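Chains as they are written, first to last, in our numbering: chain A, 300 to 738; chain B, 176 to 497.
Virtual Cβ for every residue (Gly too), placed ideally from N, Cα, C.
In this text, all values refer to a predicted model and were calculated from it rather than measured experimentally.
Just below is one structure, and these are the notes that go with it.
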């Protein structure tokens with residue numbers, strides 16, 4: 300078995316900023332903003348209107364189309380508006396706004412019950428996952444029920460539960476593994492059952508030995524479950540790199556993991572699958588890392604979806620250092636925000652407040668072709684050439700040398716001594732290609 | 176409240192290594208300082224003046240070009256300083272100062288800025304400057320200095336010169352025994368260019384740069400290995416150490432052939448580059464009209480770098496090798 304992949308970088312982890320990994324519970328917000336676009340695909344359509352009262356767990360928007368997911372209220376109260384609101388991915392997008400009644404009344408008991416995989420068949424699992432609006436919680440937020448239902452001609456042999464959490468700063472998956480190892484393992488079993496896979500591998504980076512121990516212990520009771528500890532390297536948690544590390548198979552360019560018989564799900568998603576199937580609890584809250592040197596007391600919070608970033612930050616306060624950036628996600632792939640009014644969505648794994656010292660704007664010099672980007676690119680691309688082609692408006696040439704194979708991990712950009720914004724050019728190139736295709 | 180603060184919005188990633196181009200340049204310069212100091216120690220104060228003049232001329236040429244061409248890069252990035260220093264290290268110790276200044280000016284103005292400045296030049300600027308001086312002032316460029324500081328120094332000619340013009344026997348007559356010659360070549364108290372004679376300092380510096388990740392081993396190792404292999408075939412095992420230590424090979428292999436801008440970007444390309452340099456260096460040393468071929472071999476390989484890159488594309492993850 301391969302233990303790692305080619306390329307990658309070792310950015311300072313800064314995971315120690317979160318002192319202790321106990322998850323604190325953030326109180327429900329007074330007003331919650333539920334973005335209708337929570338996942339990749341088409342936005343959901345509201346099933347409530349202004350003035351309706353909702354409970355915690357009430358479905359407020361339904362999936363439209365094949366790749367889409369349901370959205371549930373995370374608080375009880377009244378729908379006060381459905382309108383455009385700042386969105387962490389889209390800048391501004393439609394959201395259902397709910398004002399809390401302070402009661403936090405749930406719409407179900409959401410109780411744990413005896414667990415036996417035999418109690419649940421494929422359809423039952425799929426329906427629960429789909430109804431509960433589960434999406435990939437690692438960040439990409441792909442609707443999980445779609446991934447759990449691959450076409451019949453592409454059977455899944457191996458399920459990989461991704462606990463690598465290779466992004467610096469983030470410890471939300473780590474803390475979840477510590478608090479809910481049992482649930483994650485049970486969720487993994489449900490996922491494996493849903494796709495009828497032969498084996499399930501839970502993959503964790505070696506920098507989380509306590510989590511590895513707990514997960515191993517939780518696995519002991521079950522067959523076909525394996526825990527693998529990886530060397531620490533970014534982007535170990537990237538889907539294709541993870542699959543290569545576990546199975547030594549390369550997902551062919553332009554295809555999906557299911558084409559090599561593999562399904563990857565994040566540990567948070569496994570936990571959510573368990574809660575949806577066994578506890579009948581929709582996905583209305585998640586663990587979010589609040590960190591960065593701009594934060595007074597970095598730690599992990601269980602946050603209701605729809606809570607504005609501001610509420611989360613105010614729960615601990617700022618450290619007072621000059622803030623440079625507000626990021627959703629990790630510092631390598633996360634998205635810079637223009638306002639702290641944006642709400643937590645299902646894909647929010649972290650909220651980082653980075654100071655000037657941490658996130659200095661890059662000083663840009665011409666590329667000196669040092670080849671470091673080539674050395675670190677996990678996809679075997681030549682980022683320097685890609686960015687040169689795109690900046691010269693030669694996107695077709697860039698496509699020929701693999702523009703679309705880039706998964707935007709940012710390793711090239713991180714390592715570049717010239718401070719060239721390689722990834723910006725690559726993203727621009729992809730955008731141009733899409734525009735040309737649609738024109 | 177964050178709202179009142181200025182939030183910067185950019186694409187990811189939001190963090191970066193602290194290794195910058197400037198830092199890389201100044202590290203190479205620092206590593207070369209002992210080499211330059213050794214040159215002054217061996218060859219005297221004039222060598223020090225040559226180094227100074229060459230650096231000053233390069234920096235002035237760079238500033239002038241940047242100003243005239245209105246380029247955004249700053250002279251403080253250290254690249255011009257490094258070019259001036261590198262050029263002076265491969266000049267003869269007694270070269271007139273104005274020649275060093277001229278060569279340095281040519282290196283920057285024609286070798287680098289005329290092609291577009293930092294990152295765009297095709298040829299290693301320092302070697303372009305040296306080739307220019309070689310063609311223009313052949314006599315001064317091949318006049319070597321006797322190391323008066325050392326009582327056992329008998330001749331001004333470099334060991335490679337002796338070998339080329341008078342053969343192995345002459346080399347033995349001058350230096351007594353091979354071990355004696357090796358020791359001198361290793362430490363650097365033999366005739367030659369200012370910065371090329373001390374193999375030990377160049378080796379230490381080169382290894383330091385590799386350890387710091389500023390250059391990679393691919394070019395120096397493939398270059399030196401090729402020279403070693405060919406020297407076995409052209410002069411037997413006893414020839415290997417001599418060919419490796421003599422002339423400008425160490426300086427060339429670790430500091431000239433590893434110039435980032437003018438060499439292939441992929442590892443396989445770099446190995447081909449190193450092998451090519453080794454082949455041509457030995458071809459010139461053994462069959463050519465010059466005693467030494469490091470400079471021209473690297474310049475020639477610089478010229479074919481785009482071609483090498485075309486045939487050494489990386490394999491994209493999830494695709495078959497073309």
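Taking the alpha helix (DSSP H) that residue i falls in, what are its first and last residues?
i	result
residue 600/A	Segment 598-603 is the beta strand (DSSP E) holding residue 600/A; no alpha helix (DSSP H) there.
residue 220/B	220-244
residue 688/A	682-690
residue 281/B	272-281
residue 723/A	721-737
residue 480/B	469-486
residue 574/A	566-576
residue 303/A	Premise fails: residue 303/A is in no alpha helix (DSSP H) and is neither H nor E.
residue 313/B	313-316
residue 423/A	421-430
residue 712/A	710-714
residue 675/A	671-675
residue 697/A	694-699
Sort out for me which residues DSSP pairs residue i with in a bridge.
i	result
residue 344/A	361/A
residue 642/A	607/A
residue 258/B	Beta-bridge pairing links residue 258/B to no other residue.
residue 384/A	392/A
residue 353/A	376/A
residue 369/A	According to DSSP, residue 369/A bridges with nothing at all.
residue 324/A	601/A
residue 416/B	Partner(s): none; residue 416/B has no beta bridge.
residue 434/A	442/A
residue 299/A	Outside the displayed span of chain A (300 to 738) sits residue 299/A, for which this structure offers no information.
residue 561/A	457/A
residue 491/B	Residue 491/B is not bridged to any residue.
residue 405/A	355/A
residue 308/A	533/A
Just checking: is the beta-carbon of residue i within a distance shorter than 8 Å of some beta-carbon in chain C?
i	result
residue 679/A	No chain C is part of this structure, whose protein chains are labelled A and B.
Tell me where the beta strand (DSSP E) around residue i begins and ends.
i	result
residue 446/B	No beta strand (DSSP E) holds residue 446/B; the alpha helix (DSSP H) holding it covers 442-462.
residue 333/A	330-334
residue 823/A	This structure leaves residue 823/A out entirely; chain A is present only between 300 and 738.
residue 462/A	457-462
residue 654/A	649-654
residue 337/A	That residue, residue 337/A, is in no beta strand (DSSP E); it is neither H nor E in DSSP.
residue 620/A	No beta strand (DSSP E) holds residue 620/A; DSSP gives it neither H nor E.
residue 541/A	Run containing residue 541/A: none in the beta strand (DSSP E); it sits in the alpha helix (DSSP H), 538-546.
residue 740/A	Because chain A is modelled from 300 through 738, residue 740/A falls outside the range shown and cannot be assessed.
Is there contact here, the region 395-408 of chain B with the region 447-460 of chain B, by at least three beta-carbon pairs under 8 Å? Yes, they touch.
Are there three or more Cβ pairs, one per stretch, closer than 8 Å when the region 261-270 of chain B is compared with the region 292-312 of chain B? The region 261-270 of chain B makes contact with the region 292-312 of chain B, as at least three CB pairs between them are under 8 Å.
Using a Cβ-Cβ cut-off of less than 9 Å, give me the residues of the region 607-627 of chain A that come near chain B, in sequence order. Taking a C-beta cut-off of 9 Å against chain B, the contacting residues of the region 607-627 of chain A are 608, 609, 612, 613, 617, 621, 622, 623, 624, 625, 626, listed in chain order.
Does the region 229-247 of chain B come close enough to the region 269-284 of chain B to have 3 or more Cβ pairs within less than 8 Å? Contact holds: three or more Cβ-Cβ distances are below 8 Å.
Between the region 473-480 of chain B and the region 711-719 of chain A, are three or more C-beta pairs nearer than 8 Å? Taking 8 Å as the limit for Cβ pairs, the verdict is that the region 711-719 of chain A does not touch the region 473-480 of chain B.
Are three or more beta carbon pairs between the region 477-497 of chain A and the region 641-660 of chain A nearer than 8 Å? Contact fails between the region 477-497 of chain A and the region 641-660 of chain A, because fewer than three Cβ pairs, one in each stretch, are under 8 Å apart.
Which residue spans inside the region 327-397 of chain B form an unbroken beta strand (DSSP E) run of at least 3? No beta strand (DSSP E) of 3 residues or more sits fully in the region 327-397 of chain B.
Minimum length 4: unbroken alpha helix (DSSP H) runs contained in the region 476-532 of chain A: Scanning the region 476-532 of chain A for uninterrupted alpha helix (DSSP H) segments of 4 residues or longer gives 508-518, listed from N- to C-terminal end.
Can you find at least 3 beta carbon pairs, one from the region 394-406 of chain A and one from the region 567-576 of chain A, that sit closer than 8 Å? Below 8 Å, too few C-beta pairs join the region 394-406 of chain A and the region 567-576 of chain A to call them touching: fewer than three.
For the structure I just gave you, are there three or more beta carbon pairs, one from the region 591-600 of chain A and one from the region 480-500 of chain A, closer than 8 Å? Not touching, per the Cβ criterion.
Residues within the region 179-200 of chain B neighbouring chain A, beta-carbon criterion of under 7 Å: Listed by position along the chain: 180, 182, 183, 184, 185, 186, 187, 188, 189, 190, 191, 192, 194, 195, 196, 199.
At a CB distance below 9 Å, what residues from the region 336-370 of chain A approach chain B? Give them in sequence order. Listed by position along the chain: nothing, the set is empty.
Between the region 392-406 of chain A and chain B, which residues of the former have a C-beta closer than 8 Å to a C-beta of the latter? Flagged: no residues at all.
Which of the residues in the region 712-735 of chain A, read from start to end, lie with their CB under 8 Å from any CB of chain B? Per Cβ criterion, the list reads 712, 713, 714, 715, 716, 717, 718, 720, 722, 723, 726.
State whether the region 438-458 of chain A contacts the region 370-377 of chain A, with contact taken as three or more CB pairs (one from each stretch) at a distance under 8 Å. Between the region 438-458 of chain A and the region 370-377 of chain A there are fewer than three C-beta pairs closer than 8 Å, too few to call the two in contact.
I'd like to know if the region 631-641 of chain A and the region 203-222 of chain B are in contact, where contact means that at least 3 CB-CB pairs between them fall below 8 Å. In short, these stretches do not touch, since the Cβ pair count stays below three.
Please name the residues in the region 654-669 of chain A whose beta-carbon is closer than 8 Å to at least one beta-carbon of chain B, in chain order. Residues passing the 8 Å Cβ filter: 657, 658, 659, 660, 661, 662, 664, 665, 666, 667, 668, 669.
Mind the definition here: the region 458-472 of chain A touches the region 307-322 of chain A only if three or more C-beta pairs lie below 8 Å; say whether that holds. Taking 8 Å as the limit for Cβ pairs, the verdict is that the region 307-322 of chain A does touch the region 458-472 of chain A.
Check each residue of the region 431-443 of chain B: if its Cβ is closer than 7 Å to any Cβ of chain A, include it; give the result in chain order. Flagged, chain order: 435, 436, 440, 441.
Could you name the residues of the region 469-493 of chain B whose beta carbon sits closer than 8 Å to any beta carbon of chain A, in the order they occur along the chain? Within the region 469-493 of chain B, the residues whose Cβ lies closer than 8 Å to some Cβ of chain A are 488, 489, 490, 491, 492, 493, listed in chain order.
Touch test, the region 405-419 of chain B against the region 240-258 of chain B, Cβ-Cβ under 8 Å, three pairs minimum: No: fewer than three Cβ pairs fall under 8 Å.
Say whether the region 367-384 of chain B touches the region 425-435 of chain B, bearing in mind that this needs 3 or more beta-carbon pairs closer than 8 Å, one atom from each stretch. Yes, they touch.
Three or more C-beta pairs closer than 8 Å, one from the region 575-585 of chain A and one from the region 497-509 of chain A: is that the case here? Put simply, the region 575-585 of chain A does not touch the region 497-509 of chain A. Fewer than three CB pairs are less than 8 Å apart.
Can you give me, in chain order, the residues of the region 285-311 of chain B that have a beta carbon less than 9 Å from any beta carbon in chain A? Of all residues in the region 285-311 of chain B, 291, 292, 293, 294, 295 have a Cβ within less than 9 Å of some Cβ in chain A.
If contact means a Cβ-Cβ distance below 9 Å, which residues of the region 582-593 of chain A contact chain B? Cβ contacts with chain B come from 593.
Taking a Cβ distance cut-off of 7 Å, strictly less, list which residues of the region 533-561 of chain A are near chain B, in chain order. Residues of the region 533-561 of chain A with a C-beta atom less than 7 Å from some C-beta of chain B are 539, 549, 550, 551, 552, listed in chain order.
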